[in-house]
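Trainee:
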């Protein structure tokens with residue numbers, strides 16, 4: 004296993020981590036194999052699988068556990084995490100943020116709570132999941148410089164999505180830990196690959212599987228320290244570890260970089276409409292997040308997998324901001340530089356995802 008320094012935390016983190024969705028029937032074998040083969044970062048959720056595993060196995064000092072704040076009752080949430088994880092401290096405690104919600108949490112005295120758990124040693128490092136625009140990312144890091152780690156979603160088709168690669172470069176300049184999750188876009192980048200994409204990949208001197216292309220695109224970057232992905236089985240884990248064992252920074256040739264850019268462009272040729280997320284249509288009088296409704300719709304179209312994209316759509320867009328809240332008022336349409344019939348397209352978005 005290869006390791007990288009997690010920003011200014013000085014923690015050595017394996018370039019591959021485990022996501023929080025692990026098959027229950029294989030969880031013990033997966034945890035044991037992963038740790039025995041050098042994986043030292045495990046993301047957790049409300050499940051207690053890793054906690055049960057640690058009760059029976061002496062691995063706590065070998066791994067970095069990440070837990071996530073899931074409630075506005077901060078103290079109770081953390082205590083429940085400690086209990087389920089069977090530990091008296093958490094290595095990395097993360098807050099899931101979209102940007103504007105940070106101010107709401109601050110009004111509930113989040114920052115005082117974070118200061119306290121850092122000072123008493125209950126948590127070693129603080130971070131947040133950054134599903135947001137670049138300006139929000141910069142604002143939050145300026146506002147609370149005790150954040151040391153940022154988790155973002157990134158794949159080779161997402162370079163310009165939200166903070167994107169610009170955000171990764173900003174984290175590097177601040178010497179912050181950078182963790183990337185879901186580089187396979189819910190497996191859309193490794194399943195049902197169009198023939199046009201396969202032909203582009205064939206131009207490489209090194210023959211890679213779609214999984215290798217997607218993972219090594221992330222590991223090729225020097226502004227990412229760890230990649231986490233949900234593992235479907237023990238065999239799936241072994242495949243990830245094998246790829247990780249030979250994935251260094253700058254391991255892509257210039258030709259490989261051109262190929263992966265061409266692949267991303269080819270995927271985007273199949274999007275559903277011409278929205279380029281310029282945000283001219285905002286604010287919507289009804290609160291619909293028009294650009295990101297279109298973003299996930301376009302991804303669903305270009306990957307030909309609405310069901311997988313629906314997960315992002317419903318997780319990242321809150322109630323009231325999705326396409327079903329459009330009233331067809333059409334006040335936004337004269338603002339669109341691409342002259343998109345926004346109301347009509349939002350109906351298509353709703354039909355696409357509500358059908359799944």
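Residue numbers (this note's numbering): 4 to 359.
We put the CB at the ideal spot given by N, CA and C, even for glycine.
Source: prediction; values computed, not measured.
Taking just the CA atoms, how far does residue 337 sit from residue 24?
Mentor: As a first step, residue 24 must be located in the chain shown, where it is residue number 21. As a first step, residue 337 must be located in the chain shown, where it is residue number 334. The alpha-carbon atoms of residue 24 and residue 337 are separated by roughly 44 Å.
Trainee: Considering Cα atoms alone, identify which of 142, 125, 36, 132 is closest to residue 106.
Mentor: Walking along the chain shown from the start, residue 106 turns up at place 103. Answer by Cα proximity: 142.
Trainee: Alpha carbon to alpha carbon, what distance is there between residue 165 and residue 133?
Mentor: On the chain shown, residue 133 is found 130 positions in, with the first residue counted as 1. On the chain shown, residue 165 is found 162 positions in, with the first residue counted as 1. Cα-Cα distance, rounded: 9 Å.
Trainee: Distance check for residue 278 and residue 287, CA to CA, integer angstroms please.
Mentor: The residue you call residue 287 lines up with position 284 of the chain shown. The residue you call residue 278 lines up with position 275 of the chain shown. Looking at the two C-alpha atoms, the distance is approximately 15 Å.
Trainee: Any idea what DSSP makes of residue 266, helix, strand or coil?
Mentor: Locating residue 266 in the chain shown gives position 263, where the first residue counts as 1. Helix at residue 266.
Trainee: Compute the Euclidean distance between the alpha carbons of residue 14 and residue 170, then round it to the nearest angstrom.
Mentor: Locating residue 14 in the chain shown gives position 11, counting from the first residue. Locating residue 170 in the chain shown gives position 167, counting from the first residue. Their backbone Cα atoms lie some 21 Å apart in a straight line.
Trainee: Just to check my reading of the structure: residue 152 and residue 182 have Cβ atoms closer than 8 Å, yes? What is that Cβ distance to the nearest angstrom?
Mentor: Along the chain shown, one-based indexing puts residue 152 at 149. Along the chain shown, one-based indexing puts residue 182 at 179. Between residue 182 and residue 152 the Cβ distance is about 6 Å, and since that is below 8 Å, they are a contact.
Trainee: Which residue from 35, 206, 243, 232 puts its Cα closest to that of residue 263?
Mentor: Working through the chain shown from its first residue, we reach residue 263 at position 260. The shortest Cα separation from residue 263 among 35, 206, 243, 232 belongs to 206.
Trainee: Note down the Cα distance separating residue 139 from residue 103, rounded to an integer number of angstroms.
Mentor: Residue numbering aside, residue 139 sits at position 136 when the chain shown is read from its first letter. Residue numbering aside, residue 103 sits at position 100 when the chain shown is read from its first letter. Whole-angstrom Cα-Cα distance: 8 Å.
Trainee: Leaving aside the five residues before and after residue 114 along the sequence, list all residues of the same chain whose C-beta is less than 7 Å from its C-beta, in chain order.
Mentor: Residue 114 sits at position 111 when you count from the first residue of the chain shown. The residues are 147.
Trainee: Taking a contact to mean a Cβ-Cβ separation below 8 Å, would you say residue 258 touches residue 322 in this structure?
Mentor: Working through the chain shown from its first residue, we reach residue 258 at position 255. Working through the chain shown from its first residue, we reach residue 322 at position 319. Not closer than 8 Å, so no.
Trainee: How big is the Cα-Cα spacing for residue 235 and residue 71?
Mentor: Taking the first residue of the chain shown as position 1, residue 235 is located at position 232. Taking the first residue of the chain shown as position 1, residue 71 is located at position 68. If you take the alpha carbons of residue 235 and residue 71, they lie about 22 Å apart.
Trainee: Determine the direct distance from the alpha carbon of residue 218 to that of residue 76, and round the result to whole angstroms.
Mentor: Numbered from 1 along the chain shown, position 73 holds the residue referred to as residue 76. Numbered from 1 along the chain shown, position 215 holds the residue referred to as residue 218. Their backbone Cα atoms lie some 36 Å apart in a straight line.
Trainee: Identify the continuous alpha helix (DSSP H) that holds residue 172 and give its terminal residues.
Mentor: Your numbering for residue 172 matches position 169 in the chain shown. Looking at the DSSP string, the run of the alpha helix (DSSP H) that includes residue 172 is 167-176.
Trainee: Say whether the region 183-190 touches the region 236-250, bearing in mind that this needs 3 or more beta-carbon pairs closer than 8 Å, one atom from each stretch.
Mentor: No, because fewer than three Cβ pairs between the region 183-190 and the region 236-250 fall closer than 8 Å, the two stretches do not touch.
Trainee: Less than 8 Å between the CB atoms is what I'm expecting for residue 290 and residue 256, so what's the real figure, rounded?
Mentor: Within the chain shown, numbered from 1, the residue matching residue 290 stands at position 287. Within the chain shown, numbered from 1, the residue matching residue 256 stands at position 253. Not a contact, Cβ separation roughly 46 Å.
Trainee: Taking the Cβ atom as the reference point for each residue, do residue 88 and residue 54 lie within a distance shorter than 8 Å?
Mentor: Numbered from its first residue, the chain shown carries residue 88 at position 85. Numbered from its first residue, the chain shown carries residue 54 at position 51. Cβ atoms of residue 88 and residue 54: closer than 8 Å.
Trainee: Would you mind sorting residue 285 into buried or exposed? The rule is 16 or more other CB atoms within 10 Å of its CB.
Mentor: The residue labelled residue 285 in the question sits at position 282 within the chain shown. Per the 10 Å Cβ criterion, exposed.
Trainee: What first and last residue would you give for the alpha helix (DSSP H) that runs through residue 150?
Mentor: Position 147 of the chain shown holds residue 150. Not the alpha helix (DSSP H): residue 150 falls in the beta strand (DSSP E), residues 150-156.
Trainee: So, under 8 Å CB-CB, residue 135 and residue 100 are touching, yes? Tell me the CB distance rounded to an integer number of Å.
Mentor: Stepping through the chain shown from its first residue, residue 135 is reached at position 132. Stepping through the chain shown from its first residue, residue 100 is reached at position 97. Right, their Cβ atoms sit about 7 Å apart.
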